[in-house]
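Everything in the sequence shown is counted per the working numbering, starting at 48 for the first residue and increasing by one. From the three backbone atoms N, C-alpha and C, an ideal C-beta is built for every residue, glycine too. For reference, the structure is listed below as structure tokens.
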Amino acid sequence: MGIMIGSSLRGEPFDKRKAKLFVTIVFGFVLGGIAGAMLFYKLAFLSLAVPATACILLAIVYRIYRKRIAYTNRAN
């Protein structure tokens, strides 16, 4: 992000799409850290079950999605 800002100060074009992506990543990192600290305060090491459950659910959803895509491609 700093390199992008420096480049724009030198007169090069500023890539708004890439900047939006970087800001979203940093914002998500900070919010995830805050949420993790708050969960750890309440649940101790059991707080790791929250992101683990989210990862498992996302993996299941993605697997179902890929199976449907493969089925749709075979039907065509």
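| Asked | Found |
| --- | --- |
| So for T58, helix, strand or coil by DSSP? | The sequence as given places Gly at residue 58; Thr does not occur at that position. Of the three classes helix, strand and coil, the one that applies to G58 here is coil, per DSSP. |
| From L86 to L105, what distance separates their C-alpha atoms? | 20 Å |
| Tell me the rounded alpha-carbon separation between I81 and A101. | 17 Å |
| Once you ignore the five residues that flank V73 on each side, which residues in its own chain have a CB closer than 7 Å to its CB? | none |
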